[in-house]
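*Asks:* Just so we're aligned, residue 0 is where the sequence shown starts under numbering that gives the first Met the number 0, counting upward by one.
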Amino acid sequence: MNSIGNIYRATDCISSAIDFFDESCRIFLYINDNEGAVQALSNKTAALLENGWLEEASNVLRLAESLAKNNKKLSATLLKNRGILLIREKEFKSAEDILKKALDKVEPANFSEIAAINFALGNLMVETKRSDNAVEYFKKALSADQSSGFIKGIADDLATIGTVYYNQDKYEPAVNFFNRSIKIYALIGNESKVYEIMELLNKSSEKAEINISVTKDFVKRWMEGKSLESLCD
Numbered sequence: 000m001n002s003i004g005n006i007y008r009a010t011d012c013i014s015s016a017i018d019f020f021d022e023s024c025r026i027f028l029y030i031n032d033n034e035g036a037v038q039a040l041s042n043k044t045a046a047l048l049e050n051g052w053l054e055e056a057s058n059v060l061r062l063a064e065s066l067a068k069n070n071k072k073l074s075a076t077l078l079k080n081r082g083i084l085l086i087r088e089k090e091f092k093s094a095e096d097i098l099k100k101a102l103d104k105v106e107p108a109n110f111s112e113i114a115a116i117n118f119a120l121g122n123l124m125v126e127t128k129r130s131d132n133a134v135e136y137f138k139k140a141l142s143a144d145q146s147s148g149f150i151k152g153i154a155d156d157l158a159t160i161g162t163v164y165y166n167q168d169k170y171e172p173a174v175n176f177f178n179r180s181i182k183i184y185a186l187i188g189n190e191s192k193v194y195e196i197m198e199l200l201n202k203s204s205e206k207a208e209i210n211i212s213v214t215k216d217f218v219k220r221w222m223e224g225k226s227l228e229s230l231c232d
């Protein structure tokens, strides 16, 4: 159930993801598997945070933390979620401390969590006007996503790095990262992100005087010929 929920979450079908996380948690609690229940609640918290439902996310996170404390275990995932919630609440110093603690606790082979924690720290750096540090964290997230083969995560990392460079008026590296991200978004059929990144790519390529006609042609041809069925249907 957790895995199915994560698939729906990765495709932005948040309500369906939450249904599966709830069912997963119910099953784990029924068989007295608190660790499994904590993981399901952690996944639900992350989905709620991604959708901006902060109050509900806070309530679910508190329940997960309570169960984890009863088991004498507070995972890097819970710390990550607490840090992201604090960022949303503009509690930046506390968020940074907790996210760095999460980074210290995460298992070296847990690439998905390493990516998520570094991405959260990158967002924190953006919020606190530390753009160079943000790029460093986003690049670490990119490396971890590449190690795990998480395609959508790779595209998001590339697009976010490009956006930081764009906002710094560093248009040449921005073009490089937008070029890479938009091709992935086209390949996975994420039309809204293709249009969003194409607008930024057009602006930055004009500023940098870089010809992006090959990328435009690739994206146009792929999007016209690609037919994907959404999991949300």
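Note that the Cβ used here is the ideal one computed from N, Cα and C, for glycine as well.
Helix, strand or coil for N178? Go by DSSP, reduced to three states.
*Replies:* Looking at N178 - three-state DSSP - the assignment turns out to be helix.
*Asks:* Express the C-alpha separation of K99 and K71 in angstroms, rounding to a whole number.
*Replies:* Caution is warranted here: a pLDDT of 49 is assigned to K71, below 50, making its placement in the model unreliable, and no coordinate value can be reported.
*Asks:* With a cut-off of 8 Å, do at least 3 Cβ pairs link the segment 47–62 to the segment 125–133?
*Replies:* No, they do not touch.
*Asks:* Mapping DSSP to helix, strand and coil, what is G82?
*Replies:* In this structure, G82 counts as helix in the three-state DSSP scheme.
*Asks:* Reducing DSSP to helix, strand and coil, say where P172 ends up.
*Replies:* It is helical.
*Asks:* Are the segment 198–211 and the segment 166–179 touching by the rule of at least three beta carbon pairs closer than 8 Å?
*Replies:* Judged by Cβ distances under 8 Å, the segment 198–211 makes contact with the segment 166–179, as three or more pairs qualify.
*Asks:* Just verifying my parser: in three-state terms, what is the DSSP assignment at R8?
*Replies:* Helix.
*Asks:* Could you round the C-beta distance between I13 and N50 to whole angstroms and report it? I think they count as a contact, below 8 Å.
*Replies:* About 5 Å separates the two Cβ atoms, so the contact holds.
*Asks:* Can you find the residues in the same chain that come closer than 8 Å, C-beta to C-beta, to N210, ignoring five residues on each side of it along the sequence?
*Replies:* Result list for N210: S204, in chain order.
*Asks:* Given a threshold of 16 other Cβ atoms within 10 Å of its Cβ, counted over all protein chains shown, does N31 qualify as buried or as exposed?
*Replies:* By the 10 Å Cβ count, N31 comes out exposed.
*Asks:* Nearest to K43 by alpha carbon, out of E190, R81 and A154?
*Replies:* Comparing Cα-Cα distances from K43 to each of E190, R81 and A154, the minimum goes to R81.
*Asks:* Is the distance from the Cβ of I116 to the Cβ of I150 below 8 Å?
*Replies:* For I116 and I150, no; Cβs fall outside 8 Å.
*Asks:* Compute the Euclidean distance between the alpha carbons of A140 and I196, then round it to the nearest angstrom.
*Replies:* Cα to Cα, the separation comes out at about 19 Å.
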